[in-house]
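Worksheet for the structure shown next.
Protein chains: 4
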Amino acid sequence: MSIPLLRLSAHTTFFSVRRRKALVNTKSTNIFTHLSCFSMIRKKLLVDVDCGVDDAQAIMMALAEPNVDILGITCVRGNTNVENVCKNVLRVLQACRKLQIPVFRGVDKPILGKVISAGDFHGQDGLGDVPDPNAPGLDHLQSEGAVSAMIQIVNENPGEVSLVATAPLTNLALAVRMEPTFPSKLKGLYIMGGNTESRGNTTVCAEFNFAADPEAAYIVLNEFLCPTYIAGWEFTCYHKLPWSWCDAWLAQDTEKARFMARIFRKSIETSKSERSQAELVDGIGFVSCDSYAMAAAIEDDFITESEQVAVTVELTGTYTRGMMVLDKLGLLKKNHKAFVMKKVNMKRFEELMMDALK
Amino acid sequence: MSIPLLRLSAHTTFFSVRRRKALVNTKSTNIFTHLSCFSMIRKKLLVDVDCGVDDAQAIMMALAEPNVDILGITCVRGNTNVENVCKNVLRVLQACRKLQIPVFRGVDKPILGKVISAGDFHGQDGLGDVPDPNAPGLDHLQSEGAVSAMIQIVNENPGEVSLVATAPLTNLALAVRMEPTFPSKLKGLYIMGGNTESRGNTTVCAEFNFAADPEAAYIVLNEFLCPTYIAGWEFTCYHKLPWSWCDAWLAQDTEKARFMARIFRKSIETSKSERSQAELVDGIGFVSCDSYAMAAAIEDDFITESEQVAVTVELTGTYTRGMMVLDKLGLLKKNHKAFVMKKVNMKRFEELMMDALK
Amino acid sequence: MSIPLLRLSAHTTFFSVRRRKALVNTKSTNIFTHLSCFSMIRKKLLVDVDCGVDDAQAIMMALAEPNVDILGITCVRGNTNVENVCKNVLRVLQACRKLQIPVFRGVDKPILGKVISAGDFHGQDGLGDVPDPNAPGLDHLQSEGAVSAMIQIVNENPGEVSLVATAPLTNLALAVRMEPTFPSKLKGLYIMGGNTESRGNTTVCAEFNFAADPEAAYIVLNEFLCPTYIAGWEFTCYHKLPWSWCDAWLAQDTEKARFMARIFRKSIETSKSERSQAELVDGIGFVSCDSYAMAAAIEDDFITESEQVAVTVELTGTYTRGMMVLDKLGLLKKNHKAFVMKKVNMKRFEELMMDALK
Amino acid sequence: MSIPLLRLSAHTTFFSVRRRKALVNTKSTNIFTHLSCFSMIRKKLLVDVDCGVDDAQAIMMALAEPNVDILGITCVRGNTNVENVCKNVLRVLQACRKLQIPVFRGVDKPILGKVISAGDFHGQDGLGDVPDPNAPGLDHLQSEGAVSAMIQIVNENPGEVSLVATAPLTNLALAVRMEPTFPSKLKGLYIMGGNTESRGNTTVCAEFNFAADPEAAYIVLNEFLCPTYIAGWEFTCYHKLPWSWCDAWLAQDTEKARFMARIFRKSIETSKSERSQAELVDGIGFVSCDSYAMAAAIEDDFITESEQVAVTVELTGTYTRGMMVLDKLGLLKKNHKAFVMKKVNMKRFEELMMDALK
């Protein structure tokens, strides 16, 4: 596997005039970081989420990293409807005191319009069903839609943005259809989704993010020809953390840890159900699915082994619709190969996770 | 069948400020028409085309009608790539001296990205392969994309716009995904596409516009809950005109007739091929497919018999992918029924066609 | 369309020794017929049924024809389970005093094993739910299975047997897989099944006999390369008889007419339901589906217009699974073309139907 | 996992009169074995093969076991056409001096009739393209067909026969359709086929035996409700032997080893190709696929870990047609669970393999 070389770039004016107001705090942080870590290359992330609890964990990981700038968070239906997703992202940002990061409402239906249930793992509202009376209102959202915003942000930072997608890929699929050059302007794409051994966690053979919008996954895997890193379902299961680790993680005496403990309670309970345990590959434990894709985007050396292989998505199977397909025999004659994650630096993962709640 | 009542509405300010410049001429025409036909209800059309020769015929029919305002023409890949489609629309507008009508470039790939060949019926360039050195340049296009423009035009004229779609339905499908309320703001949708008796003209069982983007057709038939009128392939074949009529039509001594004769020559020749004749249902003749949907949008009494039935599109069949499906048994439990055209006023059709070249 | 020339053949010893016992009566009939119609070419039929009421009508039509020998009747699941089908065939034979004709039990599941409901049109027992205490027992069945019997009968009469199939094609599909030369030894194949205009009477787009076993229909249409005549659903609807005709038909003062009136009562009532009327193409009336295929097998000049076209069956469609596919564009590159019936001699049809109950 | 208890049974008259002639030698062997191993329970096997080299290895393993009686070997198209398969089986039996075992010709096409290429791994003739001028002729075949023979053999030995299937499952699927009680009379079914982690060795996601006849695999996995043991492709790869072991195996100074070395030469060479190595899971080496299923049928304690799970086959996927599907989430609501092999006694496997060539 080869990780493409990082491109040095000035990180000053990556927001358009339209969003300048919201970015004052971010900017001062930028300057501060710039001064203290003179030689550090800052990472520009665009994050596309269906903010359940694991998306929250991934977002908080990125927010905690001093050399990471989140240029925007785009929302899409997945764990819950897009309105809840927007609310959840704002709550996470508020808990981390980063409400200045622009949040965009995206699409509320998969490409074909056939919504599947996300079940109740993260609660009906996607964030553990523990409403917060002081949650920020939807007026904090940007007026621009997610798809347009993604295109614009990447246009303004060509070759510099890592897109981290931890949700059904609907927004991304629409972005490439609306603007065919969108993928080529990304620095990289980091996906949590799909599966590599036909182990379904939603349908018989499909993982949730891909099952929720197979057409979008198909479009993204076939048209995003940028460097693409995939944390599939089985991979995340093979890299789960012990529940004892999770206990210690949540027991940190910080506001963020208390926030996480509150929103995560329901998922932890649900994860003990027979169904949840049947979904897991290779034993039980704490699988923060979305955080692996985020860690890979944040940390260049995070992935220690990956398989470079052409991938696509099954659209028509009775049992396999939405299943990721790895073309190990080269039968599909695709030139583009994704990096399918196999092994990662788990020590660093634990650090990043710990930092997220500090 | 019930044709929804027309809503009387002021037709003054249906264009946004952004497009005002282009519309000066149109406006004066409007005023003139308004004065001369005081009580006439003007029709506002938005036309989505993949401008081959039959799209050209449909556009010219609309341009010739004094009580019709074309608010915009949106382009999409179909008979040829979207760049050619844009060029072709501009050539048609120039031939009719209506270059002031705004034209928008739309999507150049079907939803899933799998382009099928349109064959060579209308020529490689979609307009008979008779290049015009004086053709208007692509700088005449609006800078806004087709999908955004469609949404905006309909937002500015809620309940008043009839959308005539004579191409693969990609732009429409993206419009509803980007703006879920888009269909509910249409006055009506007039589609040339699909088939009713499994008579394919492109694949074994599918008509070209649907075969070229089955997912888009599926989305439109399932999510556009506005009054929807469909001129399917077999219907257009059952209402073909004799070639002798076509000869007389093209022999009119007008600039438009000469333009049409020039761009139509190749299609007329091709229509004599074995393959073209195999495609036709119910004998040979002149089938100006797209013009029936346009005539229905222009003329309230044009449709004399239609069948109100729930429709959808087959996405997964080996031979039937892209085939329109009519749920005559009510098995799909859909509330929305389309008006599938059965019979039309052919005398009026001939008049509208004749007028188009005058 | 060309009807293959009839081959003159001695019709004496077409039954194997094993079935000789049962055939004594048939043989004497044969001799009688032979003497009285010296120059007549006798027709050898093998009839495969899922004996509902329309199968009964078709069987009775054949039984009534003096120049027809039914070499065997094979049973298969369709309108009802195979046990009921066997019982029904025996009842029909008893009503016609032809119990000497050998009846064989066939397969009780479609190829893939997924049974669909036949609904209640012909009653739960397939024959109008009017049980007959004096019905013949299943001990009248031959011990040999239907598939083996079909193969053997055709082997013993190579090139002479017309196979009339008015049921799901499971038995036929198994026969060709067990004995690949089976189809080539048939004189002709007459099928009631499939549809030509995507008008489903069972699923959205599929006719019952094909919908009940799409794989079998696929195998038969692709591997029975003998002359094949298809009476599709729409065709039978276009050739329906008025209900007044049916009244007169049933009012004949014969034992057979009284039998038919008794078993047909329920179907006649059901045919007035909204669902049944929605299934019908081109208005209401009496459609004795299976009798057209039988009439074509009996009477060489019965078909007056047919279309010779390659046909196959859609296996994978969401809405179209089981739909017959006509390759009018020649895209499938199949050499074998079926004769799809378009027009028939309706005067002769009425006579044959009348004779059936005399 | 629970291995069903063996049923003690007299093993004397398991052949019908029709095959008695051929069995004289076998019988004397039986008596000998009976005397020497008084308490040993003899195993009755029916073996269904598409005799490539690995089938040959599996057959030779069974032939070498003193407590195993092969009641019949049925042939089916797979690695090569059914005629070659028959010839190959006869050659293997001759090499082992067991030509008295009855061999039956089975089906030469998959259920749907669509033959896929087996490639050239085992040579065009399936047995390494090293023709033997002294090979036994096809007159050594039984006259009965494979499907009938399977049914009859199992009927004559109800509850006692282990069916080992190392080929496309066409014969088995036809057997259950012809005789629905067939599976319930088996003691057990041992299948080499399918895959568990979507690792295709033939199409992108499917293993050869299932890919070659997906409908047959579907029918068998859904209708054979007897104890079913599956050695999937990945499992066999995880249990490969080193090529060095293979060298020693073939270097034995026996007639059988020389026979194997001769027919296996081509496969060994082909296995070094890029494509062959891409097919293998978990590194390179010697995978005698079919031998694991045979070993499991021969040796009760051979399987040391298995997963009991409902299985089926994908029939409609674009990339996944023919892929085995494991319903780990219990979504299919199937009562019957197969034993999917996970770990086996490799020491015993090596012994059985060694014995095969002694």
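If you read the sequences in order, they're chains W, A, F and H. Per this note's numbering, the very first residue in the first sequence carries number 1; after that it's consecutive. Per this note's numbering, the very first residue in the second sequence carries number 359; after that it's consecutive. Per this note's numbering, the very first residue in the third sequence carries number 717; after that it's consecutive. Per this note's numbering, the very first residue in the fourth sequence carries number 1075; after that it's consecutive. Built from N, CA and C at the ideal position, the CB exists for glycine as well.
When the Cα atoms are used, residue 624(A) and residue 1013(F) turn out to be separated by approximately 47 Å. Checking the DSSP bridge columns, you'll see residue 666(A) partnered with 697(A). If you ignore the 5 residues before and after residue 211(W), its C-beta comes within less than 7 Å of the C-beta of 116, 202, 203 and 322, all in its own chain and listed in chain order. One Cα belongs to residue 957(F), the other to residue 803(F), and the distance between them is close to 28 Å. Here residue 1020(F) is exposed: its Cβ has fewer than 16 other Cβ atoms, across all protein chains shown, within 10 Å. Judged by their CB atoms, residue 171(W) and residue 118(W) are not nearer to each other than the 8 Å cut-off. Judged by their CB atoms, residue 485(A) and residue 414(A) are nearer to each other than the 8 Å cut-off.
With contacts defined by Cβ atoms closer than 8 Å, residue 1027(F) and residue 946(F) form a contacting pair. Contact residues of the stretch 137 to 152 of chain W toward chain A are 145, 147 and 148 (C-beta to C-beta distance below 9 Å). One Cα belongs to residue 330(W), the other to residue 788(F), and the distance between them is close to 53 Å.
Note that the C-beta distance between residue 664(A) and residue 707(A) is not below 8 Å. When 7 Å is used as the limit between beta carbons, residue 324(W) is near no residue of chain A, the shortest such separation being about 16 Å. Contact check for residue 1261(H) against residue 1234(H) passes: the beta carbons are separated by less than 8 Å. With contacts defined as CB atoms closer than 8 Å, residue 1195(H) and residue 1392(H) fail to qualify as a contacting pair. At least one beta carbon of chain F lies nearer than 8 Å to the beta carbon of residue 636(A). A distance below 6 Å between beta-carbons, with the five flanking residues on each side excluded, links residue 810(F) to the following residues of its chain, in chain order: 852.
Residues of chain A with a Cβ closer than 7 Å to the Cβ of residue 1043(F) are, in chain order, 562. For the stretch 163 to 189 of chain W, there is no continuous beta strand (DSSP E) assignment of 3+ residues that stays within its boundaries. Residues of the stretch 577 to 598 of chain A with a Cβ closer than 7 Å to any Cβ of chain W, in chain order: 577, 580 and 581.
Within the DSSP bridge table, the entry for residue 72(W) names 46(W) as partners.
Here residue 944(F) is bridged, per DSSP, to 905(F).
In the three-state scheme derived from DSSP, where H, G and I count as helix and E and B as strand, residue 505(A) is classed as helix.
The beta carbon of residue 1356(H) sits closer than 6 Å to the beta carbons of 1311 and 1312 from its chain, once the five residues preceding and following it are set aside; these are given in chain order. Sequence-ordered contacts of the stretch 815 to 831 of chain F with chain H read 823, 824, 825, 827, 828 and 829 [C-beta pairs closer than 8 Å]. Of the other Cβ atoms in all chains shown, 16 or more fall within 10 Å of the Cβ of residue 1289(H); this residue is therefore buried. Only 1386, 1387, 1388, 1389, 1390, 1391, 1392, 1393, 1394 and 1395 from the stretch 1376 to 1396 of chain H bring a Cβ to less than 9 Å from some Cβ of chain W. Contact note: residue 532(A) reaches chain W through 174, 177 and 178, using a C-beta cutoff of 9 Å and chain order.
With a threshold of 16 other beta carbon atoms within 10 Å, residue 949(F) meets it and is buried. Residue 504(A) holds the alpha-carbon nearest to the alpha-carbon of residue 465(A) among 482(A), 504(A), 550(A) and 455(A). 467(A) is the residue among 423(A), 646(A) and 467(A) whose C-alpha sits nearest the C-alpha of residue 178(W). For a Cβ distance threshold of 9 Å, nothing in chain H lies close to residue 215(W): the least Cβ distance comes to about 13 Å. Exposure of residue 491(A) is indicated by the presence of fewer than 16 other C-beta atoms within 10 angstroms of its C-beta. Looking from the CA of residue 1139(H), the closest CA among 1241(H), 1119(H), 1179(H) and 1281(H) belongs to 1119(H). Annotation for residue 1137(H): the continuous alpha helix (DSSP H) segment containing it runs 1127 to 1138. Under DSSP, residue 1042(F) takes part in a beta bridge, and its partners are 1027(F). Shown here is that no member of the stretch 616 to 627 of chain A has a Cβ falling below 7 Å from a Cβ of chain F.
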